[in-house]
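The structure under discussion appears below in the form of structure tokens.
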Amino acid sequence: MTDDEILPSPLDRHFAALLLRLNGAPDADLAHAVETVSAWHGAGHTCVPGEALGGERVLAKLRASSVVGAPGEFRPLILDAAGRVYLQRYWRYEAELAASIRARLTDAEHDAKRLAAGLKRLFPQAAKDDLQRAAAETAVRKRFAVITGGPGTGKTFTAARVLALLAEQFTALGKTPRIALAAPTGKAAARLQESIAKALGAMPASEALLQLAASEARTLHRLLGTVPDSPQFRHDRNRPLEVDAVIVDEASMVDVALMAKLFDAVPPGARVILLGDKDQLASVEAGNVLGDICGAGAAARTAPLAAHIVELQAARRFEGDSGIRELSVRVNAGDSESALAILRDGKFSDVRGAATPAARALEGALAPAVIEGCRGFLECTNPAEALGKLNGFRILAATRRGPHGVENLNALAERILASAGLIEPVSAHYHGRPVLIGTNDYQLRLFNGDVGLILRDPESGGELRAFFIDATGALRRVLPARLPLHETSFAMTVHKSQGSEFGRVLLVLPDRDSPVATRELLYTGITRARTAVEVWADDAVLRLALARRTARASGLREALWGA
């Protein structure tokens, strides 16, 4: 979203009016600055650069205002030395997070000989410059480490070996390793737990490893301990987590406020290990933390932070002549002509492209893909098998509303499948309805992002139940009436798809330019597919999307890497 596409809302204007009253005098420049800072925060920025507010003339007025303070002062707005203007709380989050990361840029206590032996055993075929081995070594040696890389590069594979190495380190000291596994959403936590348990299960067993394999991955909110009706958590620097290490998956989804609170709650001597794809979509809330941590150019590779980041390169998910891999590389580079060529020339069997159908033609264009993609799980009588087939196909969209948004795509999918005799959507809950959970319900153990299926339950006389697979692979049943906030999910937004994988993906872009269609959104949507992806996008819309980066104003990158 470009600067001129961020427009203040009524709430932003009310906030500006409040600060003007506190300031004691009307001022159009101050009103505009406050509205802009508030609106930019709503668009995901942690601050606004001074040039976007009118330059030094306006900044001088802000410095003279009673509602604007310097870093460290307690005022509604903070103006820093670089001319960035923050909401006070978000200046504090960013400053505290930067300080916490810098404080961890040191070696952790470890037995170097034991680590070397463990690396040789766990990476027996690895060359000395193998990146997975380097990432595992960094995570054990350092108090802060980032393992980044695209889909299928082995981030959780490497993390499992980090757990094994840490278990050896702590066992040798006569300690039981206290390692927390966490992710921003319940779905991502479940996938992390499943992947870690599978990888550890393939290793020679030890008591410490068996305990770690049974560890429950939790959402960050659950790990930190939510406090009802409060932005604070039970765990902070005054009541830190009882852990020796925290491993956080899908770190690109974590906003600056939550990341600052996590670091605040981890004891100073414990390790923090972040896993994630720095090129994916940024967090929904303010900040682009993983991007800022990893985002310095080659010229800054000598900065202290560089030694704590390893980027994995080899994508093992896409073997051989993979069009998905090639397309994702071109998209990530912003190479629109090469991306269009891959989509249009038919060279790769796993990638197809087409123009976005007009709204009136959308149902007819969707029908073949929807029927083929959904027939398998809809005709399956066994709930566990049906859930296994559910992720074989998914429609992903850039927007929620509009003819090419998720809401309309789901309605069209229901109509198509009903016409084909595969579903009977006569009520809100019907046999074959896929559902996406929209909030965390700890009592039911259902979390934001979980996907399930409403089916007739053979064990309940054919009554409808919502079925889910938990992190252990067990089948769970929930009465549909008890489901927390949820929606139909034949189609879902790319944002909601983060942390998921599907066999085949149909990615639908709007038929006209939209500020939400960015390079990162395309990359994230394409890389959700394991075996095939089809992209519906007009050439002009695709070119504009690939030229648009998710650039978020922040001071975190400079605080970590230098100006």
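All the letters of the sequence shown, read from the start, carry residue numbers -18 to 544 under this note's numbering. Beta carbons: idealized from backbone N, C-alpha and C, even for Gly.
Inter-residue Cα distance where the pair is residue i and residue j
i: Met184; j: Gly135; result: 16 Å
i: Met(-18); j: Val66; result: Because Met(-18) sits at a pLDDT of 49, beneath the cut-off of 50, its placement in the model cannot be relied upon, and the following sentence gives the value as read from the coordinates. In a straight line, the C-alpha of Met(-18) is about 19 Å away from that of Val66.
i: Asp88; j: Leu181; result: 25 Å
i: Val121; j: Leu96; result: 8 Å
i: Ser495; j: Leu525; result: 9 Å
i: Ala280; j: Val237; result: Note on Ala280: pLDDT 46, under 50, position unreliable in the model; the coordinate value appears next. When rounded, the distance between both Cα atoms is 25 Å.
i: Ala79; j: Val49; result: 22 Å
i: Leu460; j: Arg446; result: 5 Å
i: His467; j: Val253; result: 33 Å
i: Asp316; j: Gly35; result: 34 Å
i: Val235; j: Pro165; result: 6 Å
i: Leu547; j: Ser211; result: Lying outside -18 to 544, the shown extent of the chain, residue 547 is not represented and no answer is given.
i: His13; j: Ser264; result: 26 Å
i: Arg381; j: Val475; result: 10 Å
i: Gly443; j: Val416; result: 19 Å
i: Leu60; j: Ile(-13); result: 20 Å
i: Ala532; j: Gly276; result: 11 Å
i: Pro52; j: Ala513; result: 50 Å
i: Phe448; j: Pro364; result: 7 Å
i: Pro384; j: Gly345; result: 14 Å
i: Thr362; j: Ser408; result: 20 Å
i: Glu545; j: Asn4; result: With the chain covering only -18 through 544, there is no way to say anything about residue 545.
i: Ala163; j: Leu205; result: 10 Å
Coil, strand or helix - residue i by DSSP
i: Thr119; result: helix
i: Gly327; result: coil
i: Asp422; result: strand
i: His216; result: coil
i: Arg70; result: helix
i: Gly386; result: coil
i: Leu436; result: strand
i: His467; result: strand
i: Glu231; result: coil
i: Asp88; result: strand
i: Leu445; result: strand
i: Pro285; result: helix
i: Ala581; result: Given that the chain is displayed from residue -18 to residue 544, the structure contains no residue 581 and the question cannot be resolved.
i: Gly480; result: coil
i: Arg524; result: helix
i: Phe563; result: Missing from the structure shown is residue 563; the chain here goes from -18 to 544 and no further.
i: Pro(-9); result: helix
i: Pro349; result: helix
i: Ala263; result: coil
i: Ile397; result: helix
i: Thr362; result: coil
i: Leu541; result: helix
i: Thr474; result: strand
i: Arg485; result: strand
i: Glu405; result: coil
i: Pro338; result: coil
i: Gly369; result: helix
Cβ distance (whole Å) where residue i is taken to contact residue j below 8 Å
i: Asp217; j: Asp245; result: 5 Å
i: Ile323; j: Gly354; result: The pair is not a contact, with the Cβ atoms about 22 Å apart (cut-off 8 Å).
i: Glu223; j: Gly536; result: That pair is no contact at about 32 Å.
i: Ala226; j: Ala251; result: 6 Å
i: Asn313; j: Glu482; result: The pair is not a contact, with the Cβ atoms about 18 Å apart (cut-off 8 Å).
i: Arg311; j: Ala320; result: 4 Å
i: Leu243; j: Leu541; result: The Cβ separation is near 16 Å, so there is no contact.
i: Ile397; j: Val432; result: At roughly 20 Å, the Cβ-Cβ gap does not stay under 8 Å, so Ile397 and Val432 are not in contact.
CB contact flag (residue i, residue j, <8 Å)
i: Gly131; j: Asp258; result: yes
i: Val270; j: Met240; result: yes
i: Ala267; j: Thr505; result: no
i: Arg142; j: Leu173; result: no
i: Leu262; j: Glu501; result: yes
i: Val489; j: Thr337; result: yes
i: Leu1; j: Pro7; result: yes
i: Leu68; j: His22; result: yes
i: Gly480; j: Lys168; result: yes
i: Arg203; j: Tyr411; result: no
i: Ala394; j: Ile376; result: yes
i: Ile82; j: Ile160; result: no
i: Ile435; j: Pro465; result: no
i: Ile450; j: Leu368; result: yes
i: Phe428; j: Thr200; result: yes
i: Ser46; j: Leu(-8); result: no
i: Gly357; j: Lys370; result: yes
Original post:
Which runs of the beta strand (DSSP E), 3 residues or longer, sit entirely within the region 20 to 58?
Top reply: 28 to 30
**OP:** Counting only runs of 3+ residues fully inside the region 234 to 260, write out the beta strand (DSSP E) ranges in chain order.
**Re:** 252 to 257
Subject >> Any alpha helix (DSSP H) of 4 or more consecutive residues that is wholly inside the region 140 to 210 >> reply: 167 to 182, 188 to 194, 201 to 205
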